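S.K.:
4 protein chains.
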Amino acid sequence: MSARSATAAVFTAPRRVELQEFPLPETADDDGLLAVEAVGMCGSDWAQFEGRLGMAGAVFPVIPGHEIVGRIARAGSRALRSWNVAEGDLVVVEEVLRCGSCHGCAAAAGSCANLRVYGLTVPTTSAPGLWGGYAQYMYLHPNTAMHRVPNGVHAQQAALFVPLANGIRWAQHVARPRLGDVAVVQGPGQQGLGCVVALREAGVGLIIVTGTAGDATRLALARELGADVTIDVDSENPLERVRALTAGRLADLVIDVSAGATDPVGFAVDMVRPKGTVVLAGLKDGSAVSLVTDRIVLKQLTLQGVGGHDSASVAAALRLIASGRYPLEKLCTHTLPLTEAERALALVGRQATGEEAIHVTLIPSR
Amino acid sequence: MSARSATAAVFTAPRRVELQEFPLPETADDDGLLAVEAVGMCGSDWAQFEGRLGMAGAVFPVIPGHEIVGRIARAGSRALRSWNVAEGDLVVVEEVLRCGSCHGCAAAAGSCANLRVYGLTVPTTSAPGLWGGYAQYMYLHPNTAMHRVPNGVHAQQAALFVPLANGIRWAQHVARPRLGDVAVVQGPGQQGLGCVVALREAGVGLIIVTGTAGDATRLALARELGADVTIDVDSENPLERVRALTAGRLADLVIDVSAGATDPVGFAVDMVRPKGTVVLAGLKDGSAVSLVTDRIVLKQLTLQGVGGHDSASVAAALRLIASGRYPLEKLCTHTLPLTEAERALALVGRQATGEEAIHVTLIPSR
Amino acid sequence: MSARSATAAVFTAPRRVELQEFPLPETADDDGLLAVEAVGMCGSDWAQFEGRLGMAGAVFPVIPGHEIVGRIARAGSRALRSWNVAEGDLVVVEEVLRCGSCHGCAAAAGSCANLRVYGLTVPTTSAPGLWGGYAQYMYLHPNTAMHRVPNGVHAQQAALFVPLANGIRWAQHVARPRLGDVAVVQGPGQQGLGCVVALREAGVGLIIVTGTAGDATRLALARELGADVTIDVDSENPLERVRALTAGRLADLVIDVSAGATDPVGFAVDMVRPKGTVVLAGLKDGSAVSLVTDRIVLKQLTLQGVGGHDSASVAAALRLIASGRYPLEKLCTHTLPLTEAERALALVGRQATGEEAIHVTLIPSR
Amino acid sequence: MSARSATAAVFTAPRRVELQEFPLPETADDDGLLAVEAVGMCGSDWAQFEGRLGMAGAVFPVIPGHEIVGRIARAGSRALRSWNVAEGDLVVVEEVLRCGSCHGCAAAAGSCANLRVYGLTVPTTSAPGLWGGYAQYMYLHPNTAMHRVPNGVHAQQAALFVPLANGIRWAQHVARPRLGDVAVVQGPGQQGLGCVVALREAGVGLIIVTGTAGDATRLALARELGADVTIDVDSENPLERVRALTAGRLADLVIDVSAGATDPVGFAVDMVRPKGTVVLAGLKDGSAVSLVTDRIVLKQLTLQGVGGHDSASVAAALRLIASGRYPLEKLCTHTLPLTEAERALALVGRQATGEEAIHVTLIPSR
């Protein structure tokens, strides 16, 4: 590789993004450098741009981008062995970076006391700066977890791995539906659509997706991806419809992936059958939800909060993309160069009037 | 047996109870008659007395009493075989009566389309009338599930089987704590105390019980039964205390058994560690609870609604009573004859000023 | 209905079957009569014919037939309500008949102390005699569990519900594979093929089926139904092949449905990855299997014995048949009238040289 | 600390042990040195001494000792922070050492491609040599997982953490008994006794322990630690006894911890109730076990292979030791200096005629 520096889009402060140039770092026997080919975006990129993120707020200055696809540009021999890849391989990178030696890591307990996250928690002031995907090159720390992209899958397709892996983990690995179950997905964004594909793969019998009047395009795509029924909650009562569709038996499983709206939590509790499961994935900006918890008690429900993906669900997502069984390319509504990062952010933040984005991908090399 | 009739306390309408006399029914080969020796009471007796019960409201006229202990006064030979008891045996009766032939029963699915409940759903107008425990004798339908009381346990001790069985099912069978876990029980009523005993038996490392200023006696009893720490939420912040007691690691498990109060649901979500479990057992009179569900999502919590006991937990409760390992008699604060049913109801409904009741037992034979 | 009697094939003693005529019984408000349209057969029909069955041996004289499909010929109003069907409806009958009033039934514990099984345990000497499916009519006891056959599915298709329901329960409900898992099914008989369909529905990534040289037709059908790879263990080492197919990672799940052969148990333990699951469904005629249990310990495996279907898996099987997504009709290799019961038995017992049967159906009305 | 070198007992070849002197290594910011105070021994020390170990055979030359207790003699500031300890603290060391950067570690999947084990897999030829507990000092790699020993527990008591942690994991974390269950433990060695304590803590109702005529002392200790009944299988039929003790219902759970003997595997399958669980922990030197697997199928059993402890069970074991609720000191039958390592090995290998050892501890500082 002949490049000496990388252009990156940096969040320098809340709502401020600018292009900066970073020298490419030296790498040693156990680390490497990724030529970023595509970076997927989601609602949390927008939240990060606004300075809101998780419980603690966002870090600045930072190179964002945590849905990372690229080629191994250069890496030490020990790194290649440890990562089980070769230079030139197309890979997806798990954003989570564990320290490997704290108590949680030593115990393989899944919790790392010194956890870092590519694209989110490491500022550009921490050498070598290139800790996020909105850049032509990204630094690969020795402890990085990555997955080779199956043959025949190109970078932009692979960039869908995050919403699919989330859907697989939430709808199948965690919720564990049975063949023929009835499932409702609330919220037809990219993650909700990931859930639809996972439920279809898992042999669920009836998949119902709810959305709002503004979600018409997304709901149509949900049907293309395998949803049996979609409901526009602005024009009909979703609870009545689910009751009618199931002859009063209600849903075995409801997954709430809706962002911001608080009503769907109560709907979920009402739509699910006694002893059924509600998976909560959608964040509500910290809002209090008004909920009659007696229904949870009397119906003996399980409510399960879920976070993102893990290594097993990322692997399953890549196999699913490679299978070609679903028209996943239709999720990719927008592909933009790094120079248009701000417009891309407006799209995933649903700030771009008149334009409905589902999955937006930045292509740093353009 | 020489008796020809049985005196029963009948709820004739909301807030009206009167003694009535019922002729003892003939019994055949597959049914029988129980001489009621003790009937336990709980908050739901009071709710039933007021006409509020479950989602549908209470039935009138009805003989209440669903925590039933008595002796087999008479039964057919097929009934004795099926129930695996002899005449004269002291037994506890499960209140739930399944039809045995609907689809749910035929499939052993645990749900009965024609479910009846002793003491709750069968009016006195349905022959032979004696369908509840507030009576000298109770009819035993062929499908009744019962458990022989272990030798050496008398009726009044056995009458504690319901709060203990509930505690065992909620705190151990459902919540499945690990040895050494930290558990919080919110609400030191009879069921909360049942949870304390179950957690102590299950090897939980630190048991914390919360209550209000009015719960001083109950909290003291919680400590006697095995709670390591009790917290009066009116005088200290329970979340801060749990944080301090666990060096910031929070509780592995929180069980909310508090009735009526809505704050404890939010406390539970805050007190439990990431990936921990919250068991919801306490009813809030249908009130809406204000809850920041983002915490459930971000902490990846499991919330589990639970109902009453089942056959396995009743059996375990009887073994626990027979073990003599816990001063359970201290739960029995009041024992009253049938003629004082109204006072007993005031006690369990916490309407009797100046008197704190935990478990109240009616003795119909007095 | 005008018929007065029903012809039935009766097992009068081991290896003796004869046609007998039974008068049709009166039925009352809570029972009924089924006009049998098809009855599926499996290896256990042959075992029963030979007098071997379960741990206790077979009952004689008996009307066999426990995979029962028919129309409600007549039934009392209470029965129709309880079964949720109308006269004339096509239904499948669960063979298991619970008493509804023993301790296990009262407790909804799934175990019945007085369990009877249609076609297996009730002799013709027990009134009204018609307790099995090899007959034009079968008696329907009040406690019968049945499922309406979906519209558009005819009786012979529905007769596949047992191998499919078994496959669904063993391969999905019990084994709980994850999307993309690698599964091996040992034994391509009707139940093994049921597992293949269930695994395909459940989104398993790689389905491998093993059989012997004599199983060529069955293995070909396995591939048509969704198996990715089939292995003839008489011509290649299945363990080596599984290792090669998985790049050494081995299978996540192995289901042994092979009958009689003991080698596959050891193969299963060797083929499955550390911490993987082996489901044992195939009976070995009581033979001792030689097994290095250290491998179970060192690989930390789960071995799970499974029996037949339950109500949920039967319902899922009927939905799957109705979906039309699989060429299930190819399982139906033989359809014979009641008069050829003996030949049908030879086929399912693999005694008919030169002819390979998979699923054999008797049509009593012919 | 003033020492310059450490004496260690080294296995130089199968059945050859000799004392050797190792210079103490320099340590840096992220590693350290442990002053070994006690090292527990078990049957696998003997197997290692004979050259048999796991699937691959033992490594030579090696400093054995993987049940390690000691004080932090010296460590870098980063190490102390990461391990959450101070110099001088008494700790137990988990023997498993993960690399922290392979795919399994990066994914927190619990499997490490470069796993090393203190006392077992790292030869003395790998610098700094001191990789096992049979030594005055042991090297502490940055990735070491350790637990501070609770106040008031001395090193020799803490050396019991391994059999207790194994018992807690196998009998409680994995087997998940319910309050009042019936459990059988086969094999009253140190790990079987660890299971007894764990089962007692977990509220199991009836604990039965089986052993041979030679196990009289161990069985007596089992009773002291909480076993309700012990059975000498050389003088009575354990299956008959279990059947009698449970009125025919059999055990809910059987844990086989017996080493070498193959009969107990079949006993376990026979002693457990339908749908019960058998935990397999005892290794049989690679012997084939003759097993009627039809019983696993027909009884729908779960057989679960288990390995050693994990971080959660070690923590629980230390809390249990600190509780003082069990006379655990009685397990410590022999305490020997490093110079008597060979005699200690004979004891744990049951080669020392006339002397029955349970837990043997080496004290390297003597």
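Chains as they are written, first to last, in the numbering used here: chain A, 34 to 399; chain B, 34 to 399; chain C, 34 to 399; chain D, 34 to 399.
The beta-carbon is built from N, C-alpha and C at its ideal position, and this holds for glycine as well.
Computed from a predicted structure; not experimentally measured.
Mind pulling the alpha helix (DSSP H) runs of 4 or more residues that sit fully within the stretch 315–374 of chain D?
M.R.: As far as the stretch 315–374 of chain D is concerned, its whole alpha helix (DSSP H) runs of at least 4 residues are 326–331, 344–356.
S.K.: Check distances from the C-beta atoms of the stretch 119–151 of chain A to those of chain D and list, in chain order, the residues that come in under 9 Å.
M.R.: Result list: Glu127, Val129, Leu130, Arg131, Cys132, Gly133, Ser134, Cys135, His136, Gly137, Cys138, Ala139, Ala140, Ala141, Ala142, Gly143, Ser144, Cys145, Ala146, Asn147.
S.K.: For Lys332 (chain B), go through chain A and note every residue whose CB falls closer than 8 Å to its CB, in chain order.
M.R.: The contacting residues are Gly338.
S.K.: Name the residue from D:Phe82, D:Ala246, D:Ser398 whose alpha carbon lies nearest to the alpha carbon of Thr154 (chain D).
M.R.: It is D:Phe82.
S.K.: What number of angstroms, rounded off, separates the C-alpha of His392 (chain B) from the C-alpha of Gly315 (chain B)?
M.R.: If I take the Cα positions, the gap works out to 17 Å.
S.K.: Pull up the CB-CB distance for Ala348 (chain C) and Gly213 (chain A), whole angstroms please, since I reckon it's below 8 Å.
M.R.: With 8 Å as the limit, Ala348 (chain C) and Gly213 (chain A) qualify as a contact, their Cβ atoms being about 7 Å apart.
S.K.: Determine the DSSP secondary structure at His180 (chain D), reduced to helix, strand or coil.
M.R.: The answer is strand: DSSP assigns His180 (chain D) an E or B state.
S.K.: For a test of the three-state rule: what should DSSP assign to Val237 (chain D), helix, strand or coil?
M.R.: Correct three-state label for Val237 (chain D): coil.
S.K.: Since Gly76 (chain D) is in the alpha helix (DSSP H), which residue starts that stretch and which ends it?
M.R.: Element bounds for Gly76 (chain D): 76–82.
S.K.: From Pro210 (chain D) to Gly319 (chain B), what distance separates their C-alpha atoms?
M.R.: Using only the alpha carbons, I get a separation of about 35 Å.
S.K.: Assign Glu128 (chain A) to one of two classes, buried (16 or more other C-beta atoms within 10 Å of its C-beta) or exposed (fewer than that).
M.R.: Burial call: buried.
S.K.: Using only the alpha-carbon positions, how far apart do Glu273 (chain C) and Ala216 (chain C) sit?
M.R.: Spanning the two alpha carbons is a distance of roughly 15 Å.
S.K.: Among D:Leu163, D:Val339, D:Ala80, D:Asp63, whose alpha-carbon lies nearest the alpha-carbon of Arg383 (chain D)?
M.R.: Of the listed residues, the one whose Cα sits closest to Arg383 (chain D) is D:Ala80.
S.K.: So which residues of chain C does Gly238 (chain A) contact, with C-beta pairs closer than 7 Å?
M.R.: Residues of chain C passing the Cβ test: Arg352.
S.K.: To the nearest angstrom, how far is it from the Cα of Ala140 (chain D) to the Cα of Gly227 (chain C)?
M.R.: Each residue's alpha carbon lies about 35 Å from the other.
S.K.: Residue ranges of each beta strand (DSSP E) run of no fewer than 3 residues wholly in the stretch 207–283 of chain B, ordered along the chain?
M.R.: Whole beta strand (DSSP E) segments, 3+ residues: 215–219, 239–244, 262–265.
S.K.: For Asn199 (chain C), tell me which candidate among C:Ser35, C:Cys75, C:Val95, C:Thr263 has the shortest Cα-Cα distance.
M.R.: Minimum Cα distance to Asn199 (chain C) is reached at C:Cys75.
S.K.: Kindly list the residues whose CB is nearer than 6 Å to the CB of Ile264 (chain B), restricted to its own chain and excluding five residues on each side of it in sequence; keep chain order.
M.R.: If we look at Ile264 (chain B) and ignore the five residues flanking it on each side, its Cβ neighbours are Thr243, Pro271, Arg274.
S.K.: Check each candidate in A:Pro370, A:Leu252, A:Phe300, A:Ala292 and name the one with the smallest Cα separation from Lys363 (chain A).
M.R.: That would be A:Leu252, whose Cα lies nearest to the Cα of Lys363 (chain A).
S.K.: Which value, in whole angstroms, describes the spacing of the CA atoms of Arg299 (chain B) and Leu313 (chain A)?
M.R.: Looking at the sequence provided, one finds Gly at residue 299 (chain B) rather than Arg. C-alpha separation (whole angstroms): 16 Å.
S.K.: Return the CA-CA distance between Gln169 (chain B) and Val69 (chain B), expressed in angstroms with no decimal places.
M.R.: Rounded to the nearest angstrom, the two C-alpha atoms are 5 Å apart.
S.K.: Assuming Gly20 (chain B) contacts Ala292 (chain B) (C-beta within less than 8 Å), just tell me the rounded distance between them.
M.R.: There is simply no residue 20 (chain B) to check, as chain B begins at 34 and stops at 399 in what is shown.
S.K.: Ordered along the chain, which non-local residues of its own chain (more than five positions away) have a Cβ less than 7 Å from that of Gly109 (chain C)?
M.R.: Excluding sequence neighbours, Gly109 (chain C) sits near Thr60, Ala61, Asp62, Asp63, Asp64, Gly65.
S.K.: Measure the alpha-carbon distance for Gly121 (chain A) versus Leu324 (chain A) and round it to whole angstroms.
M.R.: If you take the alpha carbons of Gly121 (chain A) and Leu324 (chain A), they lie about 52 Å apart.
S.K.: For Tyr167 (chain B) and Arg104 (chain B), what's the separation of their Cα atoms in angstroms?
M.R.: Approximately 14 Å between the Cα atoms of the pair.
S.K.: Does chain B have any CB closer than 9 Å to the CB of Asn117 (chain C)?
M.R.: With 9 Å as the cut-off, Asn117 (chain C) counts as an interface residue toward chain B.
S.K.: Going by C-alpha distance, which of D:Met179, D:Ala350, D:Leu239, D:Val186 is nearest Arg282 (chain D)?
M.R.: Selected option, being the one with the closest Cα: D:Leu239.
S.K.: Does Gln205 (chain D) come within less than 9 Å of chain B when only Cβ atoms are used?
M.R.: Yes, Gln205 (chain D) counts as interfacial toward chain B.
S.K.: Pull up the distance between the alpha-carbon of Asp261 (chain C) and that of Ser398 (chain C), whole angstroms please.
M.R.: Cα to Cα, Asp261 (chain C) sits roughly 39 Å from Ser398 (chain C).
S.K.: What runs of the beta strand (DSSP E), each 3 residues or longer, lie entirely inside the stretch 148–205 of chain D?
M.R.: Correct list: 170–173, 179–181.
S.K.: Would Leu57 (chain B) pass as a contact of Ala36 (chain B) if the rule is Cβ separation under 9 Å?
M.R.: Yes, the pair counts as a contact, with Cβ atoms nearer than the cut-off.
S.K.: Would you mind sorting Asp343 (chain A) into buried or exposed? The rule is 16 or more other CB atoms within 10 Å of its CB.
M.R.: The residue in question, Asp343 (chain A), is buried, as its Cβ has 16 or more Cβ neighbours within 10 Å.
S.K.: State the DSSP-derived secondary structure class of Ser380 (chain B), mapped to helix, strand or coil.
M.R.: With the sequence shown as reference, residue 380 (chain B) is identified as Leu, and Ser is not the correct amino acid for it. Three-state result, Leu380 (chain B): helix.
S.K.: Grouping DSSP H, G and I as helix and E and B as strand, with all else coil, what is Leu86 (chain B)?
M.R.: Correct three-state label for Leu86 (chain B): coil.
S.K.: Among D:Gly137, D:Thr295, D:Met179, which has the Cα closest to the Cα of His99 (chain D)?
M.R.: Here the closest residue by C-alpha is D:Met179.
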